[in-house]
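*Asks:* Attaching a single structure in structure tokens format; questions to follow.
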Amino acid sequence: MYEQISENKRNTIFLVIGFSIFITLLSWVLGEVWFSGGGPIGIILGIIFLVIFVGFNYFYGDKVVLSISGAKELKKQDQPYLFHLIEGLALAAGIPKPKAYVINDTALNAFATGRNPEHGVIVVTTGILQKLNREELEGVIAHEMSHIKNYDIRLMMLIVVFVGLSALLSDILLRSVLWGRHDNRGSGQMQIVLLVGGIVLAILTPIVAMMIKFAISRQREYLADASAAQLTRNPDGLANALKKISGDKEVLEAANKATAHLYIDNPLKNRKGLMDGMFSTHPPIPERIKRLEAM
């Protein structure tokens, strides 16, 4: 458990450093494309964008996620059984009790958000509350509690920021290169290098960034499953919940690509693509169940 927390903190540091360097490179190329010798200007603008994106997401990202998901805060008198479950698991996990929110939707799903355990939030659908028994619900809540304790929520929120900013800068760069929005005072050779390099960076950056995001997201789900089993001492509870969730055919109306990676199961699971495995936000549920049943 503590190794996972330490690993997530290390991953957060590496992620910030790595993406910051990458965004700085993109910003430099963009500056050179727009202004001859304007790489430093591009870097300054990129850093400004980065600080704004990270700051906004850190302090307001969870509120945005809750808003676009249509989640409403619950009071203890609304769901005393759920509150009792959350309080008990928070005590066992050694973290502050997360707030409880609900999405009025009969589809089976749940997610956690918040920048750290002190600001943790667990969100469940009404379908989860209505269709799972006590052991299954405990497994789902423990899974989301594990995301909070292991700092997965902060890691994934940072990934969303960096992927979004990388995609934005790449789009600006591609449009600038293709539509000639640049200074022509540089040498012809340099212009060709910037043109080719700009197009390659602009095309590959969002693809690579998304692949990194999905790979980390899939690994976090396996770790949260293991942590949940350790927390409840009952891996079958979560395994049975995942069986019900995977068999659920109802579509979560509030689902969208921006928040899909947060849920315990991909709410866009019915929207399959040709490269579903590589670009999936979640590992296959049969494999997750197999690992839980082997514990």
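FYI, UniProt numbering numbers position 5 of the sequence shown as 5, with every residue one higher than the one before it. Idealized CB from N, CA, C, for every residue including glycine. All figures in this text were calculated on a predicted structure; none of them were measured in a lab.
#1: State the Cα-Cα distance for the pair residue 280 and residue 51, rounded to the nearest angstrom.
#2: Just to check my reading of the structure: residue 68 and residue 256 have Cβ atoms closer than 8 Å, yes? What is that Cβ distance to the nearest angstrom?
#3: Please classify residue 143: is it buried, with 16 or more other beta-carbons within 10 angstroms of its beta-carbon, or exposed?
#4: Quick check on this structure: which residue in 25, 157, 82 has the alpha carbon closest to the alpha carbon of residue 53?
#5: Where does residue 59 land, buried or exposed, given buried means 16+ other C-beta within 10 angstroms?
#6: To which residues of the same chain is residue 24 closer than 8 Å at the C-beta, ignoring the five residues directly before and after it?
#7: State yes or no: is the C-beta of residue 227 within less than 9 Å of the C-beta of residue 150?
#8: Determine the burial state of residue 101: buried for a count of at least 16 other Cβ atoms within 10 Å of its Cβ, exposed for fewer.
#9: Does the Cβ of residue 18 have 16 or more other Cβ atoms within 10 Å, making it buried, or fewer, making it exposed?
#10: I think residue 120 touches residue 106, with their Cβ atoms under 8 Å apart; what is that distance to the nearest whole Å?
#11: Cβ of residue 223 within 9 Å of Cβ of residue 103?
*Replies:* Considering the structure as presented:
#1: Roughly 29 Å between the two C-alpha positions.
#2: Confirmed, Cβ separation roughly 7 Å.
#3: buried
#4: 157
#5: exposed
#6: 43, 46, 47
#7: yes
#8: buried
#9: exposed
#10: Incorrect: roughly 25 Å between the Cβ atoms, too far for contact.
#11: no
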